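For the sequence shown, the UniProt record's numbering assigns the number 2 to the initial residue and increments by one for each residue that follows.
By construction, the Cβ of each residue, glycine as well, lies at the ideal position given by its N, Cα and C atoms.
This structure is a prediction, so every number in the text was calculated from the model and none was measured.
Worksheet: the structure to be examined is printed underneath.
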Amino acid sequence: KNYSLNELREMYLKFFESKMHLRAKSFPLVPHNDNSLLLINAGMAPLKPYFTGQEEPPRRRMTTCQKCIRTGDIENVGKTARHGTFFEMLGNFSFGDYFKEEAIEWAWEFVTKHLEIPVERLFATVYQDDEEAAEIWRNKIGLPNEKVIYMGKEDNFWEAGIDGPCGPCSEIYFDRGPEFGCDSPDCGVGCDCDRYMEFWNLVFTQFERHEDGTYTPLAQKNIDTGMGLERLAAMMQGVSSIFDVDTIKAIRDHVCQLAGVTYGENYKNDVSIRVITDHIRSVTFMAADGVLPSNEGRGYVMRRLLRRAVRHAKLLGIEGLFLKDLVKTVVDNSKHEYTELEDKYEYITKLLTVEEKNFNETIDRGLNILKAHIDEMKAEGKTVLDGKACFTLSDTYGFPIDLTHEILEEQGLKADEEGFKVEMDAQRQKARDARGGSKYMGADETIFNQMDSTMKTTFVGYDKLETTGTL
Ligand code: ATP
Ligand code: MG
Ligand code: MG
Ligand code: MG
């Protein structure tokens, strides 16, 4: 049956309610009392105190559908079929209650009995040292040996951030069929291509990681599972990527309509369409949860995502202010579950539009400066714009470097890429030194590694916004 994304969310939560789980609403994207994480990146993140035993949970079994942001996946977005910076994670949790056996059995029951996904297309992975989980898959579930695949720490040991509950995990994969495979003779579960898609992670939270990198066993054994709702919907709807799932396709179609382009005709355009579709979801949900664009922390993440969306919109030829139109589609598709979207609708559109306007002004200013450089180069017979000038454009004026490249190219000119890189590296080193003992790691660290200086410009326009908090 072709379930909608919203129906699947409901089916999952109901199923675990029938297994005596307490259903809770998604927690906000901004972590509460937790500075080890910039943004909530998994269903378990807001529940950490229940796992460690620090706080008493309202019930030993809970189930949620949690809003998540993973900035570490930004480079994947638009390129893979399964990554968004924003996604929803379905989860069932046990705080010192049931453990591996029930977690695996119930996951299997939901997937094969309720959703009726054919067993032939399913595979399980386990952590290399976790014989206990492998035995359950083989003996209790009856999976043949070759469908229980051992994997290393990278894939099958879960930890979020520098400290907190963690443990080995077992993941369920779906074979989407040979048409999604790659040419590698080793193509199989764990291959980077889109054929075997990981969709559900069952984490056996039995350890606590400490800031110094050591682990101790937790007094209570826990279960933390995470299933990507968009990935599940893509499987159930028989579509090739999360961008073809009903609620997300609605946004994608709207982007195409604004740009006057057709999806699926041109790879480069498609990447831009997917990037905009994803990023608009992220910034809309972030705005609803009170994040403000700024030059650091989560505000910086938001600013970067928004600008990237605007940048790709320009590549597609979308003119004028367009974010507010898309916000409406995002809200319409998710407001039933996330009522904050509708409650704060006015605020969200205003906030994002202010940021969008500011960025547009930045681009206009940069264009003027670049034009002056070009005139000068032509007068002097030069063909390469020096790295310093490129860097100043990007660092001081916030003008994206790829735009500099593009415009120079149109004029038969080039940018000094080496020189730009030298300036950029020096800048990154400075940023690293300034960050010193930052606690951020894992998924969020990459945002710093990938920090393009474009996003670090100071916008006088925001000072007002940030200090007075009014729009
Ligand atoms: P992948 O290996 O595909 O990047 P992951 O191992 O990083 O996924 P987990 O941390 O195990 O993902 O998260 C649990 C589940 O959340 C995944 O099995 C997947 O269904 C979903 N998920 C993770 N990252 C994303 C994302 N960027 N976009 C959409 N869904 C995601
Ligand atoms: Mg990942
Ligand atoms: Mg994985
Ligand atoms: Mg995983």
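Bounding residues of the beta strand (DSSP E) (the contiguous stretch that carries residue i)
i    : result
K222 : Y216 to G229
A25  : L23 to A25
I402 : Where I402 is concerned, there is no enclosing beta strand (DSSP E), although the alpha helix (DSSP H) it sits in stretches over I402 to E411.
V149 : V149 to M152
For residue i, the nearest candidate out of the options (CA to CA)
i           : options                   : result
F158        : Y128, Y174 and G182       : Y128
K15         : T81, F52 and L91          : L91
K351        : T384, F400 and V284       : V284
P119        : A416, K2, E8 and K154     : K2
T384        : M303, H406, V292 and D225 : H406
N359        : R304, V328, D376 and E343 : R304
N223        : D365, M45, P32 and L9     : M45
residue 1   : R177, F244, G191 and V204 : The structure shown does not extend to residue 1, since the chain is modelled only from 2 through 472, so no value can be given for it.
E212        : T248, A161, L353 and E199 : A161
residue 480 : N140, E338 and L414       : Outside the displayed span of the chain (2 to 472) sits residue 480, for which this structure offers no information.
F205        : L123, F96, I349 and C183  : F96
A125        : G191, S335 and L316       : G191
G168        : T354, I150, A427 and Q221 : Q221
L39         : Q412, I70 and K49         : I70
K68         : K101, F175, K80 and G229  : G229
R4          : I243, Q238 and M198       : According to the sequence provided, residue 4 is Tyr. The question's Arg does not apply to it. It is Q238.
W109        : T363, Y174 and S241       : Y174
N146        : P166, K154, E132 and H255 : E132
L306        : L394, Q412, R60 and S273  : S273
N334        : F286, R308 and K431       : F286
G300        : A288, V149 and D279       : A288
W201        : C194, S171 and E357       : S171
F87         : P29, K141, R139 and E136  : P29
E103        : R275, K141 and T72        : K141
Limits of the alpha helix (DSSP H) - the one that residue i falls within
i    : result
S206 : Looking at the sequence provided, one finds Thr at residue 206 rather than Ser. That residue, T206, is in no alpha helix (DSSP H); its beta strand (DSSP E) goes Y197 to R210.
W138 : Unbroken run through W138: none, as it is neither H nor E.
F158 : Per DSSP, F158 belongs to no alpha helix (DSSP H); it is in the beta strand (DSSP E), F158 to E160.
C391 : G388 to D396
N7   : L6 to S19
D254 : D247 to A260
A104 : K101 to W109
As assigned by DSSP and simplified to three states, the class of residue i
i    : result
N296 : coil
V31  : coil
E266 : coil
P166 : strand
K336 : coil
V355 : helix
Y128 : strand
R308 : helix
Q55  : coil
R83  : coil
F449 : In this prediction, F449 scores a pLDDT of 35, lower than 50, which makes its location untrustworthy; the coordinate-derived value is nonetheless stated afterwards. In the structure shown, F449 sits in a helix (DSSP, three-state: H, G or I).
K315 : helix
E76  : coil
G438 : The predicted model places G438 with a pLDDT of 45, which falls under 50 and marks its position as unreliable, so this point remains unresolved.
S283 : helix
N146 : helix
G367 : helix
P47  : helix
E341 : helix
R430 : Here residue 430 is Gln; the residue named in the question, Arg, does not match the sequence. Three-state result, Q430: helix.
N361 : helix
V331 : helix
K372 : helix
V302 : helix
G443 : Its pLDDT being 36, under 50, G443 is placed unreliably by the model, and the measurement read from it follows with that caveat. Three-state result, G443: helix.
V240 : coil
E320 : coil
K2   : coil
S273 : helix
V190 : coil
Residues bridged to residue i [DSSP beta-bridge criterion]
i    : result
Q67  : M90
L123 : F175
R62  : S95
A416 : L386
Residue i CB to nearest heavy atom of ligand 5 below 8 Å
i   : result
E76 : In terms of ligand content, the structure shown lacks ligand 5 and carries ligand 1, ligand 2, ligand 3 and ligand 4 instead.
Original post:
Residues with a Cβ closer than 6 Å to any heavy atom of ligand 3, in chain order?
Top reply: D156 and E199
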